[in-house]
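Just below is one structure, and these are the notes that go with it.
Protein chains: 2
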Amino acid sequence: MLDCNESDISMPAIARTTPIARDDREPTNPYRVDMDLDDEADELSHLNIPDVVIRRLPIYVRTLHSLLEKEQTSVSSEELARMIDVTAAQIRRDLSYFGKFGKQGKGYDVGYLSDTIERILKLDRTWGMVLCGMGKLGHAIANYRGFQRSSFEITGLFDSDESAVGEVVNELPIRPMRELVDTIREEHIRVGIIATPRVNAQETADMLVEGGVEAILNYAPVILRVPAHVTVREIDPVSALQSMTYYISE
Amino acid sequence: MLDCNESDISMPAIARTTPIARDDREPTNPYRVDMDLDDEADELSHLNIPDVVIRRLPIYVRTLHSLLEKEQTSVSSEELARMIDVTAAQIRRDLSYFGKFGKQGKGYDVGYLSDTIERILKLDRTWGMVLCGMGKLGHAIANYRGFQRSSFEITGLFDSDESAVGEVVNELPIRPMRELVDTIREEHIRVGIIATPRVNAQETADMLVEGGVEAILNYAPVILRVPAHVTVREIDPVSALQSMTYYISE
DNA sequence: ATAGCATTGTGACATTCTTCACAACTCCTG
DNA sequence: CAGGAGTTGTGAAGAATGTCACAATGCTAT
Ligand SMILES: NC(=O)c1ccc[n+]([C@@H]2O[C@H](COP(=O)([O-])OP(=O)(O)OC[C@H]3O[C@@H](n4cnc5c(N)ncnc54)[C@H](O)[C@@H]3O)[C@@H](O)[C@H]2O)c1
Ligand SMILES: NC(=O)c1ccc[n+]([C@@H]2O[C@H](COP(=O)([O-])OP(=O)(O)OC[C@H]3O[C@@H](n4cnc5c(N)ncnc54)[C@H](O)[C@@H]3O)[C@@H](O)[C@H]2O)c1
Chain Y
1 MLDCNESDIS MPAIARTTPI ARDDREPTNP YRVDMDLDDE ADELSHLNIP DVVIRRLPIY
61 VRTLHSLLEK EQTSVSSEEL ARMIDVTAAQ IRRDLSYFGK FGKQGKGYDV GYLSDTIERI
121 LKLDRTWGMV LCGMGKLGHA IANYRGFQRS SFEITGLFDS DESAVGEVVN ELPIRPMREL
181 VDTIREEHIR VGIIATPRVN AQETADMLVE GGVEAILNYA PVILRVPAHV TVREIDPVSA
241 LQSMTYYISE
Chain Z
1 MLDCNESDIS MPAIARTTPI ARDDREPTNP YRVDMDLDDE ADELSHLNIP DVVIRRLPIY
61 VRTLHSLLEK EQTSVSSEEL ARMIDVTAAQ IRRDLSYFGK FGKQGKGYDV GYLSDTIERI
121 LKLDRTWGMV LCGMGKLGHA IANYRGFQRS SFEITGLFDS DESAVGEVVN ELPIRPMREL
181 VDTIREEHIR VGIIATPRVN AQETADMLVE GGVEAILNYA PVILRVPAHV TVREIDPVSA
241 LQSMTYYISE
């Protein structure tokens, strides 16, 4: 019983241009014209959606994909919750920030939900990325195949060391940092990765921001200072380890 | 203040097992007889301390170290807060879970505070770690020098592929998975790193747990199921990227 | 000593996040 | 087409986390 016809629900475009208006309709409206309502999902709404929720979304997507691989077409919040180890209520609440995507008594259509969340996260396109700092870590990242399959693609490699410039890694040449800002501008890059030594991370971040990057994945162990419109996420295995030992018994 | 909500100190998305709460002694007692804080609260107190707090501690340590490098011996919560981009009150509150380490009017002694937090996190020793999955990522991790300087040391490399076995990486030989459980037991290893393909991560985790590991750093994109006494932290750059694109304008 | 400044540690309060629990709906069966 | 089973979406309650603001205290200078 896993049919699950295509959801008759038209895609609630997760907002494009719509004036502010935090529409406060009465929830218990017996006449839900649905769709259109969902459609107007308040723009700028992301200012209101908790970042914790946004951070869980990729996990939902990943899990839904794994269901798709198994050709499972329908899933309940309960089942999804068991797979991820969160509560079903949390999943439903998280999704409710964006609209209504399930069917009572039935659950969610796996493909539809997955597509929807991807659209919410703007994963329905490929994001070019510049990678700064082509040492050991930079090489490893440049060779990593996992990004392409996930809406990301490294399109430029940069290093300040002129003697590293020119080397080709995974089909891309390493270029000098002085070309970074212009490249970001010309290619409309919005995402940057920092893999430079700790002490150079801030200056690199400054250049990325100057070029117009709005998202930075930072592998260097420093807290970066960036303007409010730029998002930074740290990849920091050492901190992760250091916070786990606290719990070790004995 | 400017506290751009990102670049914050937290990490992976999904929170595994909620804070373990037991042993709830002492509600708000107006008469804190409290005292010998040096004596450091009871051993079991960590059951009450929020995991968010624990996760921030490594950042404090890292920042204190950077002050030590500059030979700065004293720091106020205010100054520390500015460096890390959290509020001073949060730092003071976080530390207050463990005792009193500052001096009114003066601030904190950098060296002492840093040592203290390290002791809290059990970083006052070196933790041996086993690394499972010696593909590209495994090699990169094995060669990474950043662990040694942070209370961690990889002491065993394992791979299921017999043809990889025997190769020496960074002075350690790759060994077969069948030796994993016994090695963990014999060497009293408490920390494991998973760098196997996604589909093999769970079975690897099971073996680590069987051997007695209590902390797992997981690079594979799956949510692992482990007993409650085992802590898992995910390193997941793809999820990090996928949650940042949400905020990109346009 | 004493004044005055700086800064902690923490109750009280505020905000954010999670979970409960149930009405409302969908679908199926007979 | 009624009844039952299953599951969503969400107010309301609850738990957790974060911030305020200030008494208490240490330090320095005079
Ligand atoms: N988060 C992680 O998983 C992880 C893992 C390994 C290393 N690291 C961190 O990543 C960083 C790099 O590590 P690594 O082992 O590759 O070091 P590395 O020394 O091998 O490489 C650093 C590279 O950055 C280049 N560089 C220096 N200054 C630069 C600048 N201003 N702009 C651009 N490039 C610059 C150098 O020329 C060099 O090629 C370090 O900060 C390290 O702590 C993080
Ligand atoms: N989080 C990150 O930053 C990051 C980066 C790169 C890769 N990854 C992930 O890390 C994993 C490994 O990536 P990779 O590029 O090194 O892949 P890889 O194929 O090069 O290496 C995988 C290795 O694991 C070994 N292996 C397979 N099954 C095993 C088992 N049951 N026990 C022990 N070893 C086993 C294989 O023999 C191989 O040597 C993948 O899950 C990938 O998605 C994560």
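Protein chains in written order, with our numbering: chain Y, 1 to 250; chain Z, 1 to 250. Each residue gets a CB set at the ideal place from its N, CA and C atoms; glycine is no exception.
- In the DSSP secondary-structure assignment, Y/Leu157 is bridged to Y/Leu131, Y/Ile174.
- For Z/Thr231, the C-beta contacts it makes with chain Y under 7 Å involve Met244, Tyr247, in order along the chain.
- For Y/Pro176, no CB of chain Z lies under 8 Å from its own CB, so it is not counted at the interface with that chain.
- Exclusion of the five residues before and after Z/Thr87 leaves Ala81 as the residues of its chain whose Cβ lies within less than 7 Å of its Cβ.
- Cβ contact annotation for Z/Thr116 (same chain, cutoff 7 Å, sequence separation greater than five): Phe101, in chain order.
- Taking all protein chains in view, the Cβ of Z/Asp159 is crowded by 16 or more other Cβ atoms within 10 Å, so the residue is classified as buried.
- Among the bridge pairs identified by DSSP, Z/Asp109 is matched with Z/Ser74.
- In the three-state reduction of the DSSP assignment, Z/Lys103 falls in the strand class.
- Boundaries of the beta strand (DSSP E) harbouring Y/Arg233: 231 to 234, taken from the DSSP string.
- Y/Leu121 sits away from Z/Thr204, with the two beta carbons spaced by 8 Å or more.
- Y/Ser96 and Z/Pro58 have their C-alpha atoms spaced approximately 35 Å apart.
- Residue pairing from DSSP places Y/Gly192 in a beta bridge opposite Y/Val130, Y/Ile216.
- Chain Z places no beta carbon closer than 8 Å to that of Y/Arg92, leaving this residue out of the contacts.
- Nearest in C-alpha terms to Z/Val61, of all of Z/Gln202, Z/Ile84, Z/Leu224, Z/His139, is Z/Ile84.
- In the three-state reduction of the DSSP assignment, Z/Val52 falls in the helix class.
- Under the 10 Å beta carbon count, Z/Gly192 is surrounded by 16 or more other beta carbons and is classified as buried.
- With respect to the 8 Å criterion, Z/Ala142 and Z/Val168 are not classified as neighbours on the basis of their beta carbons.
- Distance from the CA of Y/Ala89 to the CA of Y/Val75, rounded to the nearest whole angstrom, comes to 14 Å.
- Excluding the 5 residues flanking it on each side, Z/Arg225 has same chain C-beta neighbours closer than 8 Å at Gln202, Ala205, in chain order.
- According to the DSSP secondary-structure assignment, Z/Phe152 is paired through a beta bridge with Z/Trp127.
- Checking the 7 Å criterion, the Cβ of Z/Met177 is within range of a heavy atom belonging to ligand 2.
- Counting only residues of its own chain and dropping the five nearest sequence neighbours on each side, Y/His139 has a CB closer than 8 Å to the CB of Val169.
- Listed along the chain, the chain Z residues whose CB falls inside 9 Å of the CB of Y/Val191 are Leu241, Met244, Thr245, Ile248.
- Residues of chain Z with a Cβ closer than 9 Å to the Cβ of Y/Asn143 are, in chain order, Lys136.
- Bridge partners of Z/Val168 according to DSSP: Z/Pro173.
- The C-beta separation of Z/Gly128 from Z/Glu187 comes to about 6 Å, placing the pair in contact by the 8 Å criterion.
- The three-state secondary structure of Z/Arg185, taken from DSSP, is helix.
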